[in-house]
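These protein sequence lines map, in sequence, to chains A and B. Numbering-wise (my numbering), the first sequence opens with residue 1 and increments by one. Numbering-wise (my numbering), the second sequence opens with residue 113 and increments by one. The beta carbon of each residue, even a glycine, is placed where N, CA and C say it ideally should be. Single-structure report; data block below.
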Amino acid sequence: KNEVEQSPQNLTAQEGEFITINCSYSVGISALHWLQQHPGGGIVSLFMLSSGKKKHGRLIATINIQEKHSSLHITASHPRDSAVYICAVPPYSGGGADGLTFGKGTHLIIQP
Amino acid sequence: DGGITQSPKYLFRKEGQNVTLSCEQNLNHDAMYWYRQDPGQGLRLIYYSQIVNDFQKGDIAEGYSVSREKKESFPLTVTSAQKNPTAFYLCASRYGTFHNYGYTFGSGTRLTVV
């Protein structure tokens with residue numbers, strides 16, 4: 001079973017700061033997911049990436065398959081970015097299992 | 113708009129009672145999932161279903177049951193055998209295959225057992 005570790009667990013920053021959230025996993029994967037969970041609980045998928053880098057607005061996600069590590073960056077952070085950011089990976093492809101394995105999440109607060 | 117509907121958003125039950133959480137999707141996705149979230153922990157897989165009339169246990173299936181009689185619906189029953197049922201429950205669905213797939217998540221149901 002894949003182990004997913006995120007850091008930091010909590011992060012408070014000032015509006016405008018550059019934010020980095022890290023994710024590492026133990027077993028090789030086909031793709032990694034970054035998700036956003038707002039206070040009400042609903043989850044939105046931000047990125048699914050298997051190599052390199054993806055960008056959507058002020059969000060950038062990178063992955064290094066060899067190092068089993070991914071980062072989520074937020075440029076020019078804003079209070080509306082405050083949420084829990086979660087990294088998730090699929091099961092090992094040869095295992096026959098299904099469903100994602102999730103990190104514990106990074107609770108981000110952006111102060112005005 | 114297509115999506116996943118979970119109802120209700122908040123649910124209160126007395127200890128010892130079974131309770132069923134609803135999950136409906138109009139996305140035509142084949143696979144559906146139930147996850148549980150506890151404070152300070154990552155989401156954990158309870159049950160999943162890849163096709164109608166078939167489902168598999170996840171990592172924490174004890175005390176739960178599911179059915180998948182229709183493609184659109186995947187209800188979760190929290191039985192009295194579940195020792196710590198108070199939690200946030202999230203339903204999800206998946207489209208696609210191994211190399212080209214994506215997930216959609218519901219807004220969750222927060223269950224409190226008193």
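Return helix, strand or coil for ASP81/A, following the three-state DSSP convention. helix
Could you check which residue in PRO8/A, ILE29/A, GLY40/A has the C-alpha nearest to that of THR221/B? GLY40/A
Would you mind listing the beta strand (DSSP E) stretches within the stretch 172-214 of chain B that are 3+ residues and don't spill past its ends, in chain order? 176-178, 188-190, 199-209
Could you tell me which of LEU100/A, VAL84/A, GLY16/A sits nearest to ASN22/A, measuring between CA atoms? VAL84/A
Assigned exposure category for VAL4/A - 16 Cβ within 10 Å defines buried: buried
Inter-residue spacing [alpha-carbon to alpha-carbon] between THR12/A and HIS38/A: 16 Å
In terms of residues, what are the limits of the beta strand (DSSP E) holding ILE43/A? 43-49
Hey, quick one: how far does the beta strand (DSSP E) through PHE167/B stretch, first residue to last? 166-169
Could you compute how far the alpha carbon of THR189/B sits from the alpha carbon of SER219/B? 18 Å
So, with DSSP's three-state summary, where would you put VAL89/A? strand
Run down chain B in chain order and give the residues with a C-beta less than 7 Å from the C-beta of PHE102/A. GLY154, LEU155
Which of the three DSSP states, helix, strand or coil, is assigned to GLY57/A? coil
Terminal residues of the beta strand (DSSP E) in which HIS69/A lies: 69-74
Less than 9 Å between CB atoms is the rule here; does ALA199/B satisfy it with respect to chain A? no
Can you tell me where the beta strand (DSSP E) holding ALA143/B begins and where it ends? 143-149
Suppose contacts are defined by Cβ-Cβ distances below 9 Å. Is ALA61/A in contact with SER71/A by that definition? yes
Quick check: the Cα distance between GLU181/B and SER45/A, rounded to an integer number of angstroms? 27 Å
Below 8 Å, can you find three or more Cβ-Cβ pairs linking the stretch 159-169 of chain B to the stretch 191-200 of chain B? no
Using the Cα positions of SER177/B and THR191/B, report the straight-line distance between them to the nearest angstrom. 7 Å
Rounded to whole angstroms, what's the CA-CA distance from CYS135/B to SER30/A? Just pull it up for me. 28 Å
Give the secondary structure of VAL131/B by DSSP, where H, G and I count as helix, E and B as strand, and everything else as coil. strand
Out of TYR25/A, ILE110/A, LYS1/A, which one is the CA nearest neighbour of ARG80/A? ILE110/A
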